[in-house]
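In what follows, a structure is listed as structure tokens, so that the remarks can point back to it.
Numbering (my numbering), first residue to last: 1466 to 1772.
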């Protein structure tokens, strides 16, 4: 199921391992077809158009149905798409979602009470909108009733896992070799690079401080409390942030909170007041003033600009 503006990278990483499996095994282990809303083509976010054989409404029977989406997923759960997925599930098809596709299935209530993976860009909004779903920060979830992968090359990781599960690890390894893919990850792997790699950090105390801030966006504490939490003095924490990141702990923490606020404004229908409290501000007025000073636009105008 190709949703308009789907990720072409995830698309290729989904289909190519199946094609290579057939090539390497010299058997037709897999067949696939594509469906879209109009039944003629689907447009990827990079502008590429892919011809399809079916509309969502008349999609053919399949053993497995994957929903693949990308940008703009918040408005992608059309009635015909959801009805087709439900119909396939009722006929025994296993359902999966790739990249941002878990958002569509969660909106339809299909992921309630189970773990699911989605692209890290949507983590903040996903947790706010679907608390009944167990968000996984791993690259894919294959053992739950509905299969989910976070997109990009994580889709290839999932497909290689499924190939190995069905046809043996030897074939999966040979397919990975054909793809010149020597960094295959298991389901437990994290989506994002480590804090140390992202910020060029070599200091363990600083990495722990940043992780603590990231995990406590909605209930921020002063730098002195964070320093106590990780076992250093407040002055030492200030020195570490100044040396490695050229800013104070307070500024870094505020930037993290405002970045999350911006993602929630862009990705959700949450009100400005809800977003203010979700990012640790005591009042919408204080949040609005701080947001405008940082981004040059008020939260309200940011929402209107997006719409």
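Even glycine gets a Cβ: it sits at the ideal position worked out from N, Cα and C.
Here the structure is a predicted model, which means the values were calculated and not measured.
- Residue 1674 is not a Cβ neighbour of residue 1719, given a cutoff of 8 Å.
- By the beta-carbon neighbour count (other beta carbons within 10 angstroms, threshold 16), residue 1615 is buried.
- The C-alpha of residue 1680 is placed about 15 Å away from the C-alpha of residue 1670.
- With respect to residue 1684, residue 1761 sits apart: the two C-beta atoms are not nearer than 8 Å.
- Beta-bridge pairing by DSSP links residue 1505 to no other residue.
- Bounds of any alpha helix (DSSP H) do not take in residue 1580; it lies within the beta strand (DSSP E) bounded by 1580-1582.
- Under the three-state reduction of DSSP, residue 1601 is assigned to strand.
- The three-state secondary structure of residue 1649, taken from DSSP, is coil.
- For the options 1626, 1538, 1534, the alpha carbon positioned closest to that of residue 1474 is the one of 1534.
- Beta-carbon to beta-carbon, residue 1569 and residue 1546 are separated by about 7 Å, close enough to satisfy the 8 Å threshold.
- Shown here, residue 1618 sits in coil according to DSSP, grouped into three states, outside any helix or strand.
- Bounds of the beta strand (DSSP E) holding residue 1529 are 1529-1534.
- In the DSSP assignment, residue 1669 falls within the alpha helix (DSSP H) that extends over 1669-1680.
- Between residue 1527 and residue 1612, the alpha-carbon positions lie close to 15 Å from each other.
- Less than 8 Å separates the beta-carbon of residue 1559 from that of residue 1529.
- Close CB contacts of residue 1729 within its chain, under the 7 Å cut and outside five residues either way in sequence, are with 1589, 1590, 1593, 1735, 1740, 1743 (chain order).
- The beta carbon of residue 1503 sits closer than 8 Å to those of 1520, all from its chain and outside the five residues before and after it, given in chain order.
- Looking from the CA of residue 1580, the closest CA among 1651, 1498, 1596 belongs to 1596.
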